[in-house]
Amino acid sequence: MPREIYWDMCGIPVKTRAPRRSDGADLIGLLCLNIPRNGGQSRVCSSVTLLDEVLARRPDLTARLFRPWYYRRNNEQAEGEAPAFPKPICFYDGEHLRTFFVGWYVRDAQRDSSVPRLTEAQNELLTLIDEICRDPAVYLPIDFRTGDIQLLKNCYTLHSRTAFEDWLEPERRRHLLRVWINAQALNAFVHALPDMAGARSDDSFL
1 MPREIYWDMC GIPVKTRAPR RSDGADLIGL LCLNIPRNGG QSRVCSSVTL
51 LDEVLARRPD LTARLFRPWY YRRNNEQAEG EAPAFPKPIC FYDGEHLRTF
101 FVGWYVRDAQ RDSSVPRLTE AQNELLTLID EICRDPAVYL PIDFRTGDIQ
151 LLKNCYTLHS RTAFEDWLEP ERRRHLLRVW INAQALNAFV HALPDMAGAR
201 SDDSFL
């Protein structure tokens, strides 16, 4: 989904919503320096709740969460690496459920002819994940205030942001500082996808 900034009829900068996802690093941190004029609500979903909801709503699709899905590397692959990599949405590390999901990377991977085409059931599951994560009974809404800090463990959560209208004055515009952290000392989990983590500009995702 496009995440560009566009301008409405009044000349107000507007940014489209960012779909739910988990990121490649173990932790993601956000520091709010300025809030937008309207919108921009952060929404966080538990990956355990996501699995429970799929089981409740479409048990026939549950097993597909644990099968490989192909994700586009977003042109960040090393020399000789394929432009897409396989990874299940859900998997267990011992007794702990882990989740990795970036929906638009899955759909973007379809550009590569070497990637298997999404099946009807897979497309249904992508739609279901979107429906579940949009359910107010499932997500936690967070309206940032200046000075707020959000710290999420990516393998347990999916996060998204609603569309927003920004201020015309540059000094008042929405401003978040963010950091991606691989924290092996906190977690023996070794599948943190370090090739997908790293510094990104403020306009990349949120």
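Here the sequence shown stands for residues 1 to 206, numbered as in UniProt numbering.
Even glycine gets a Cβ: it sits at the ideal position worked out from N, Cα and C.
Task: Asp-60 classed as buried or exposed, judged by whether at least 16 other C-beta atoms fall within 10 angstroms - done: As a working note, residue 60 is residue 60 in the sequence shown. It counts as exposed.
Open item on the list: I need the DSSP call for Asp-93, collapsed to helix, strand or coil.
Closed with: Counted from its first residue, the sequence shown places residue 93 at position 93. Secondary structure at Asp-93: strand, using DSSP grouped into helix, strand and coil.
Open item on the list: Which of the three DSSP states is assigned to Pro-2 in this structure?
Closed with: Taking the first residue of the sequence shown as 1, we reach residue 2 at position 2. The pLDDT assigned to Pro-2 is 40, lower than 50, so where the model puts this residue is not dependable; a value taken from the coordinates is nonetheless given after this. Pro-2: coil per DSSP, three-state reduction.
Open item on the list: Rounded to the nearest angstrom, what separates Gly-80 and Arg-117 at their Cα positions?
Closed with: Taking the first residue of the sequence shown as 1, we reach residue 80 at position 80. Taking the first residue of the sequence shown as 1, we reach residue 117 at position 117. Looking at the two C-alpha atoms, the distance is approximately 22 Å.
TODO: Please look up how many angstroms separate the CB atoms of Ile-28 and Asn-182, rounded, as I've assumed it's under 8 Å.
DONE: Against the sequence shown, residue 28 aligns to sequence position 28. Against the sequence shown, residue 182 aligns to sequence position 182. About 11 Å; that fails the 8 Å criterion.
Task: Among Asn-38, Leu-31, Gln-77, the one whose alpha carbon lies nearest that of Leu-168 - done: Start at 1 with the first residue of the sequence shown, and residue 168 comes out as number 168. Of the residues Asn-38, Leu-31, Gln-77, the one whose Cα lies closest to the Cα of Leu-168 is Asn-38.
- [ ] Could you tell me the boundaries of the beta strand (DSSP E) in which Arg-72 lies?
- [x] Taking the sequence shown and counting its residues from 1, one reaches residue 72 at position 72. Unbroken beta strand (DSSP E) run through Arg-72: 68 to 72.
Open item on the list: With distance defined between alpha-carbon atoms, name the residue in Glu-76, Val-106, Ala-63, Phe-85 nearest to Tyr-92.
Closed with: Taking the sequence shown and counting its residues from 1, one reaches residue 92 at position 92. The residue with the shortest Cα to Cα distance from Tyr-92 is Ala-63.
Open item on the list: Nearest by alpha-carbon distance to Pro-83: which of Phe-101, Val-106, Gln-150, Phe-100 is it?
Closed with: If you number the sequence shown from 1, residue 83 lands on position 83. Comparing alpha-carbon positions, the option among Phe-101, Val-106, Gln-150, Phe-100 lying closest to Pro-83 turns out to be Val-106.
Task: Short Cβ contact (9 Å threshold) for Leu-51 with Arg-178 - done: By one-based count along the sequence shown, residue 51 stands at place 51. By one-based count along the sequence shown, residue 178 stands at place 178. In terms of Cβ geometry, Leu-51 and Arg-178 do not form a close pair [threshold 9 Å].
TODO: Kindly list the residues whose CB is nearer than 6 Å to the CB of Arg-72, restricted to its own chain and excluding five residues on each side of it in sequence; keep chain order.
DONE: The sequence position of residue 72 within the sequence shown is 72, counting from 1. Contacts found: Ala-84, Tyr-105, Asp-108, Ala-109.
- [ ] Output the boundary residues of the alpha helix (DSSP H) element that contains Leu-55.
- [x] Reading the sequence shown from its first residue, position 55 is the one you call residue 55. Counting along the chain, the alpha helix (DSSP H) containing Leu-55 begins and ends at 47 to 57.
- [ ] Please classify Glu-165: does DSSP put it in a helix, a strand, or coil?
- [x] Within the sequence shown, the letter at position 165 stands for residue 165. If DSSP states are grouped into helix, strand and coil, Glu-165 belongs with the strands.
TODO: Kindly indicate which residue of Thr-99, Pro-88, Ala-78 has the alpha-carbon position closest to the one of Val-48.
DONE: Residue 48 sits at position 48 when you count from the first residue of the sequence shown. Its Cα nearest to that of Val-48, the residue Thr-99 stands out among Thr-99, Pro-88, Ala-78.
Open item on the list: Between the alpha carbons of Glu-53 and Glu-171, how many angstroms are there, rounded?
Closed with: Here the question's residue 53 lines up with position 53 in the sequence shown. Here the question's residue 171 lines up with position 171 in the sequence shown. C-alpha separation (whole angstroms): 42 Å.
Open item on the list: Quick check on the DSSP output: what are the complete alpha helix (DSSP H) runs of length 4 or more inside the segment 103 to 189, in order along the chain?
Closed with: DSSP runs (the alpha helix (DSSP H)) wholly in the segment 103 to 189: 103 to 108, 120 to 133.
Task: Arg-64 - DSSP class collapsed to helix/strand/coil - done: Against the sequence shown, residue 64 aligns to sequence position 64. Per DSSP, reduced to three states, the secondary structure at Arg-64 is helical.
Open item on the list: Please report the distance separating the alpha-carbon of Cys-45 from that of Leu-152.
Closed with: Position 45 of the sequence shown, counted from the first residue, corresponds to residue 45. Position 152 of the sequence shown, counted from the first residue, corresponds to residue 152. Looking at the two C-alpha atoms, the distance is approximately 11 Å.
Open item on the list: Looking at the strands, I want to know which residues DSSP matches up with Asn-34.
Closed with: Looking up residue 34 in the sequence shown gives position 34. Asn-34 is bridged to His-175.
Task: Phe-85, DSSP secondary structure in three states - done: Here residue 85 corresponds to residue number 85 of the sequence shown, with the count starting at 1. Residue state, collapsed to three classes: strand.
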